[in-house]
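K.L.:
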Amino acid sequence: MAIDLKVNGASRSVPAEPDTPLLYVLRNDLALNAAKYGCGAAQCGACTVLVNGKAVRSCVTPIGSLSNAEIVTLEGIGTADKPHPLQKAFIAEQAAQCGYCIPGMIMSAKDLLDRKPNATEAEARAALAGNLCRCGTNNRIIDAVLRAGKEIMGRT
Numbered sequence: 004m005a006i007d008l009k010v011n012g013a014s015r016s017v018p019a020e021p022d023t024p025l026l027y028v029l030r031n032d033l034a035l036n037a038a039k040y041g042c043g044a045a046q047c048g049a050c051t052v053l054v055n056g057k058a059v060r061s062c063v064t065p066i067g068s069l070s071n072a073e074i075v076t077l078e079g080i081g082t083a084d085k086p087h088p089l090q091k092a093f094i095a096e097q098a099a100q101c102g103y104c105i106p107g108m109i110m111s112a113k114d115l116l117d118r119k120p121n122a123t124e125a126e127a128r129a130a131l132a133g134n135l136c137r138c139g140t141n142n143r144i145i146d147a148v149l150r151a152g153k154e155i156m157g158r159t
């Protein structure tokens, strides 16, 4: 069965069953590997992507539920030549150590900053509370989110 999806602005058709997790389709069929498999139970946030602008866990989101949805992965928010403010901020703050959680962190942060670019530290921490980082760069991650918010608001 073929399922039609809109990913990073492009219409794509994938040969999969409706109950197939979005994460599997992104990685295995579309070669979009930023979202990671972490726990498979929507508990760690490594697989976070945006669906209609909202952060969702792609490991438990069936593709059959995504008809007419706008799916955005980390690969869809910036390029090497023109990185998104969050990508630039994560680099500037040296927020990644191993980097496994970072795509999910950035996508959760993008959800927050799209709604509230002037988010406070407490709001950033709350928005990222469901994204786990075992390396301990949490403070740098929060600094990067706040830095990106300032850039988005033109206060760099």
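Just so you know, the sequence shown maps onto residues 4 to 159 in the working numbering.
Note that CB positions come from ideal geometry on N, CA and C, so glycine has one too.
Are there three or more Cβ pairs, one per stretch, closer than 8 Å when the stretch 115-127 is compared with the stretch 63-83?
P.N.:
At 8 Å Cβ cutoff, the stretches do not touch.
K.L.:
Does the structure place the stretch 16-24 close enough to the stretch 56-73 that three or more beta carbon pairs sit under 8 Å?
P.N.:
A contact exists between the stretch 56-73 and the stretch 16-24.
K.L.:
To test your reading of the DSSP string, which unbroken beta strand (DSSP E) runs of 3 or more residues are found completely within the stretch 70-110?
P.N.:
Within the stretch 70-110, the complete beta strand (DSSP E) runs of at least 3 residues are 73-75.
K.L.:
Please report how far the alpha carbon of Gly41 lies from the alpha carbon of Leu135, in whole angstroms.
P.N.:
For Gly41 and Leu135, the distance between alpha carbons rounds to 10 Å.
K.L.:
Between the stretch 84-91 and the stretch 26-36, can you find at least three pairs of beta-carbon atoms closer than 8 Å?
P.N.:
Not touching, per the Cβ criterion.
K.L.:
For Gly61, count the other beta carbons within 10 Å of its own beta carbon; 16 or more makes it buried, fewer makes it exposed. Which is it?
P.N.:
According to the sequence shown, residue 61 is Ser rather than Gly. It counts as buried.
K.L.:
Please look up how many angstroms separate the CB atoms of Glu96 and Ala147, rounded, as I've assumed it's under 8 Å.
P.N.:
That belief holds up - the Cβ atoms of Glu96 and Ala147 are roughly 4 Å apart, short of 8 Å.
K.L.:
Threshold first: 3 residues or longer. Then list the beta strand (DSSP E) segments lying entirely within the stretch 5-75, N to C.
P.N.:
For the stretch 5-75, whole beta strand (DSSP E) runs of length 3 or above, ordered along the chain, are 5-10, 13-18, 51-54, 57-60 and 73-75.
K.L.:
Among Asn121, Arg128 and Gly139, which one has its Cα closest to the Cα of Gln100?
P.N.:
The shortest C-alpha separation from Gln100 is found at Gly139.
K.L.:
Sort Val63, Asn55 and Gly56 by Cα distance to Gly48 and report the nearest one.
P.N.:
Comparing Cα-Cα distances from Gly48 to each of Val63, Asn55 and Gly56, the minimum goes to Val63.
K.L.:
Could you spell out where the alpha helix (DSSP H) holding Arg1 opens and where it closes?
P.N.:
The requested residue 1 does not occur in the structure, where the chain is confined to residues 4 to 159.
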